[in-house]
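Chains as they are written, first to last, in UniProt numbering: chain A, 1 to 1121; chain B, 1 to 135.
Note that the Cβ used here is the ideal one computed from N, Cα and C, for glycine as well.
What you are looking at is a predicted structure, and each value in this text was computed from that prediction instead of being measured.
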Amino acid sequence: MSWGSELPAELLCRPTGLIALSGLDITYNAIHKSIWDAFCNNRRPDRVPLQFIVVQGDHEFPKCRTNKRQSYEWYIPKGILKTNWMRKHLNLVPAVVVIFFDLDWDEPLWKEKQMECATRVEIVRNALQGRGTKVSVVLIQKNAPLPPGEDVVAVERAASLCSLCDLSAKHLYVLPHTDHLVGYTIRLENAFYDLSQSYYHGEAKKVKAHRDFLNKTTHQLLFVRHQFKIAFYNELKQDTHTALKHYKQAYGHLLELRMHDTNLLEIKVNAGFINYKLCRMSFLHNAPLDGIAQFRKHIDFFKSKVGIAELAFEHSAWMSKQFQLFGDLFDEAIKLGLTAIQTQHPGFYYQQAANHSIARKQLCRGFCKPSLKTDETAYLEKMKALDFYGQRYWRPNHQSIDPPDPVKEKEGIAELQNMESRVDHSAIIIPQLNSAVAQFKKYKSPRMKRYLMVQMGEEYYHGKDYQRSLMLLCKVMWDYRGERWWPLLTSILVISLKCAYLTAKVQDYVSNCLELIGPYTKCAAEEKTRIQMNLLRVISNDAPEPEPGLDPACVEKAKVLWSSNSVEPCVFSIEMQSIVPLVECKAKFKADTVPADVEVEIEVFLRIKCPFPMRFYKLSVALNNQIYNQYCEIIDGHGISAASEMESRGGDLYLVPDKPKVFRFSFLPAQDDVGGKIEITDVTLELGTRTARCAQLHWMGPGGDAVIQVQTAQHLLPKKPIYSIEDTLNWDSVEAQGLVRVIPRASLLDVLIEHQQPCLQNEFYVCQLTIINKEDTAISDVRLSIETSESEEEDQTTHLCLDNAVFGGHIVSNISKVSMEELAPGEKSSKTLFIKCLQTGNRNIFIYINYMVEVHKKNQVIPCMCQKKEMFMLNCVEPFEVTVKVMSMKFEATEVVQVDEPFLAMPEIHCTSPWPVEIQDSSIKLTSYVVHTDTFQSQLQGVCLKKTECAAECISLKPLNSIHPTVSLGTYTLHWRRKRENSIAEEPFVSTVFPLPTVSLEQLPISVELRLPAYGSVKTLLPICYTIHNKTPYPQEIEVNVEASDSFMFAGNKQVHFRVLPRKAYNLMYNLFPLMPGHVLLPKMHLNMLRYPGTMDLIVQKSVPTHIFIKPMGKALEKAA
Amino acid sequence: MAVCVAVIAKENYPLYIKTIPTDNELKFYYTVHTSLDVVEEKVSVVGKNSNELRELYLGLLYPTEDYKVYGYVTNTKVKFVIVVESSNTTLRDNEIRSMFRKLHNSYVDMLSNPFYTPGEPITSKTFENIVLSMM
């Protein structure tokens, strides 16, 4: 409540012109009420900044000094700024007084009313005697006004009213009470605003006029006061730029004042006021840098001006207030759109404010002793009675340099100190810190934010709010741990421990102890010892010794709390990974994978780092499958206080500092976990017994180092072994590993696969599988699965069948879980697998054998599921290539065949298989366009082909008449199998189908057939006959011409012309007499049809034989002999 | 001269802190720690356009009422922080720069010692003497 920490509300508000509304009866008159509401309710920001008050008609305004000073010559000012001045001009002295009066232009009692109005104006004028306040009159009228100039009566009466009231025409207004009240009000208010501005302008001018009378020696205070007043009037006038100029001058004059202990407070208070105005206006004018610079200048100037040493806290309070106000201004400006940066934002000012408040608190602790005789109300009265801001109530208006009355001075100081000692400083500091925290958070300064939170925590601690302090400190400690600032962490922990002690929070107390004793905190060794002893006491269900340096009253309270605490058992858990404790834990599985029939082994390494050994109560490891947890527990057999290392019933959890200890657990994996993982979810170390106090120290997963080592090049060097030669544990080499995969037990089966690669496309390829049981015991539930691909996608080109080779058109690409008989040890079992590959290429065949076997381990029979997996690659090739040739009856290759004329189809089979292939049969399937000329019988039956051998057969066919120009002939099928000397299994024959080619059809009007014997002999008659068929429905005329030949003599028509009837034949007979042996050319026959001249000859030449073989004459055998 | 000199590791934990008025050591620790906010911000802003070479000297980090805090970040992100009193007006930017250069040189000398494990607190006597000469 001292000057340093308070700012008057008049200073903080935005000054607005004051307009007094007189003659409004807002209580009983509804019209007046609505007018008043229109003026002052729902003022939107776009309306002119004015303040309205309602006054009675005979309201007394503050009296103006009647004796106007003409000279300041003998005047000695008593202070800088009067306490009531601002309030007076903001709320009491109006710029304009508006007299409202109900009067219509057509008022019947005009004269009387006019007089009444004039009287009211007069009364108001008298009340404002000596002031420049403007007076204006508003007539409230019921009727809407006529357009200007039309209402003659109104003009006349208005003039008379003005003259009667001694009012300028500009100061008379009419307010018609109609629907548009708000619109009229706004126009009126703008008019009042203009009036108020000219009033304040005049007032400022009046003050300025005093300047000439002042002199620098005696009136220094007035320089400041007058500039302040001018600035304030300008502010009321809403001219902030001029106001700023004058405030600056005021501030300049202020700094020129002589300063000594007696008036320093007054100067500082006023400097604070003016500085506030300056900064506020700089932000308002969007010149934040000016504001900041002004504030810096202000602070730098006054920082060292402490004043009376006994009242130094007052200076700190003032400094704190300055910073806080500036922070508020800055923050306000940011809310209105200013952007701040990380290194310049309100947070810094709030922080400084808090720092000064803390300094204030400390100074208060140093100087102020609370005394009993304090009378706050009396003090407040004394403060209120002061005429000037910043003066001492025991010597008001004191301005001389002479030292004041020492006794009074001493009394006054004592009373101020006494008042200060009653202030709750924490209530000031914490909100300031809170504001700063919010700002630093906003401007990306997490560490600063945390620091401030620590300060807050400390402040709560000093304010005896230990609960809050503890909570806040716990929140921030985490980050200091993460960043490894151990000295800072230690200092926070120490306070936190004190709070935990004072609130008797066992869990926090133990947790803090565990950290403080640990190796990372910077406590002295004896301090650690003391804390460890306390920890031991707490765990043994005793109260700890109080921390040093605590308030004795609080310690007494805490002792009560502790003793009541120890009645009930208390079990709590502490997450070890969120603190840096004295005990470290690393758990690991011995191997990455473990077969189903082998024990899982877990090693838990524990190490403590503290002054004295510690005994824990229980160690347990929790795994993801809870059934194992029973195997992973050690309970110490001794009490917590047993101090030696002895063998005991359960185990021994006595840990010696810096000597890591390992605890081992082992168990057999459960059947369900085979193929899965076993994971360490949690390691728990219990300190203390559950019947009293028990701290469960938890590590999530397998634990690890309390502080993760920084990665440096040295970590890349090979690790040292965990156990060195001297059998001491090498802690750093232990790596926590919390995961083990349980793999199925390794199978001892042997699988033999007999087969002969490569496989031939389409054949039933034989594989002989032999399973031999090499286990020690019989295997049961044996199941065989065969797959052609590991992926889900099925292979559609490979067909599998077991035992019997069957293919029903549906492809079976995997065989799953075929049961087989049980196998005794050493027993064998065989299966035949047939594989039919529909396409060539490589493929993998997977064979799985799943079975159950009983394993004997530790006098225990474990049923184990085993799997044997075998895989082989199969290469498939084509067995043979088939080409089918189409030939004419002369064995000449052709693509064109004649309707109804026979031709030949000749399949040729080239064997490409590395194995001999046995052909059982071949068959041909014709389309409806072709028929056999004779019955078909395969010529390949029983033929066996080896590699590169070739087989062919010849089939005579005849095309039928068809409308298609080309026809396909059909298919050719081979029935075959691989030929084996000693077949393991009877593999069936398979059919492979090959397509026959397509041929073009040709239709001829005639056909020529030559009948002749197979051979002739020299000088022996050789009759031949050409038969010409007419295939058309018309008679055909034909010319035949036979050339002479050297090889033959012949008889018959050499040149003939004849006619063949439709569908009939004509024979041309010749008797040849061969003259030469050998393969000789027959006499050439030329045929010409008159209907198709020149075209038929060539076609005929092709279709009839041209040569014949002539044997030489036989020789008599006798002659040769 | 300087009232506090600190070397901060890449991971932001202190490798070395020396303060001259040892009575209020903790306050300096906090000052140095909080200055890392500004250091991180400054370094991350430059990191965005990485093609231009970052200047190691970061300049004045932030002014407090009583102290000025200057920062310097090596290419391996080891931070140096120097705190001087605000009242000390004889130290200009250039002097601070040369102090940092000196500190950096002696840090490099110290790091070259094969018996020093990077990341461990600095205990070198030579380094300490250089630091003390700046205070």
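For the stretch 339-358 of chain A, the set of residues with a beta-carbon nearer than 8 Å to any beta-carbon of chain B comprises 342, 343, 348, 352, 355, in chain order.
Across the set A:1088, A:1007, A:947, the C-alpha of A:1088 shows the shortest separation from the C-alpha of residue 1042 (chain A).
For residue 17 (chain A), the enclosing beta strand (DSSP E) starts and ends at 17-22.
For residue 783 (chain A), the three-state secondary structure derived from DSSP is strand. Of all residues in the stretch 475-494 of chain A, those with a C-beta nearer than 7 Å to a C-beta of chain B are 483, 484, 485, 487, 488, 491, reading in chain order. Residue 451 (chain A) belongs to the set of residues whose beta carbon lies under 9 Å from a beta carbon in chain B. One finds nothing in chain A with a Cβ atom closer than 7 Å to the Cβ of residue 19 (chain B); even the nearest lies about 11 Å away. Here the stretch 831-843 of chain A does not lie against the stretch 853-863 of chain A, with fewer than 3 beta-carbon pairs under 8 Å apart. Within the stretch 314-334 of chain A, no residue places its CB atom closer than 7 Å to a CB of chain B. The beta-carbon separation of residue 1051 (chain A) and residue 1070 (chain A), rounded to 7 Å, stays under the 8 Å limit for a contact. When beta bridges are read from the DSSP output, residue 1037 (chain A) appears opposite A:1059. Of B:93, B:92, B:76, B:81, the smallest CA-CA separation from residue 111 (chain B) is found for B:76. Beta-bridge pairing by DSSP links residue 1011 (chain A) to A:1025. Shown here for residue 184 (chain A): same chain residues with a beta carbon closer than 6 Å to its own, the five before and five after excluded, namely 175 in chain order.
Taking C-alpha positions only, residue 788 (chain A) is separated from residue 666 (chain A) by approximately 41 Å. Counting only runs that start and end inside the stretch 184-242 of chain A, the alpha helix (DSSP H) elements of at least 4 residues fall at 220-236. With its beta carbon less than 9 Å from one in chain A, residue 34 (chain B) belongs to the interface.
With its beta carbon at least 9 Å from every one in chain A, residue 94 (chain B) lies outside the interface. Under the three-state reduction of DSSP, residue 693 (chain A) is assigned to strand. DSSP assignment within the stretch 970-994 of chain A yields the following whole beta strand (DSSP E) runs of 3 residues or more, N-terminal first: 970-978. Residue environment analysis places residue 357 (chain A) among the buried positions, since at least 16 neighbouring C-beta atoms fall within 10 angstroms of its C-beta. For residue 799 (chain A), the enclosing beta strand (DSSP E) begins and ends at 798-802.
With at least 16 other beta carbons inside 10 angstroms of its own, residue 605 (chain A) counts as buried. If you draw a 10 Å sphere on the C-beta of residue 483 (chain A), you find 16 or more other C-beta atoms in it, and that means buried. In the structure shown, the three-state DSSP call for residue 474 (chain A) is helix. Apart from sequence neighbours up to five positions away, the residues of its chain that approach residue 1038 (chain A) with a beta-carbon distance below 8 Å are 1006, 1028, 1057, 1058, 1059, 1060, 1066, 1087, 1088, 1089, 1090, ordered along the chain.
Neighbours of residue 446 (chain A) in chain B, taken as residues at a C-beta separation under 8 Å, are given in chain order as 37. By DSSP's assignment, residue 922 (chain A) forms a beta bridge with A:974. For residue 1048 (chain A), the uninterrupted beta strand (DSSP E) segment begins and ends at 1048-1051. Take the alpha-carbon of residue 730 (chain A) and the one of residue 609 (chain A): they are about 15 Å apart.
About 6 Å separates the beta carbons of residue 266 (chain A) and residue 80 (chain A), which is inside the 8 Å limit, making them a contact pair. Inter-segment contact for the stretch 921-932 of chain A and the stretch 877-891 of chain A is absent: fewer than three beta-carbon pairs are separated by less than 8 Å. Of all residues in the stretch 55-85 of chain B, the ones placed with a Cβ closer than 9 Å to any Cβ belonging to chain A are 60, 61, 62, 63, 64, 65, in chain order. Secondary structure at residue 847 (chain A): strand, using DSSP grouped into helix, strand and coil. For residue 834 (chain A) against residue 764 (chain A), the beta-carbon gap comes to about 4 Å, under 8 Å, which counts as contact. Residue nearest to residue 209 (chain A) within the set A:39, A:1097, A:198, A:227 is A:227 (criterion: CA-CA distance).
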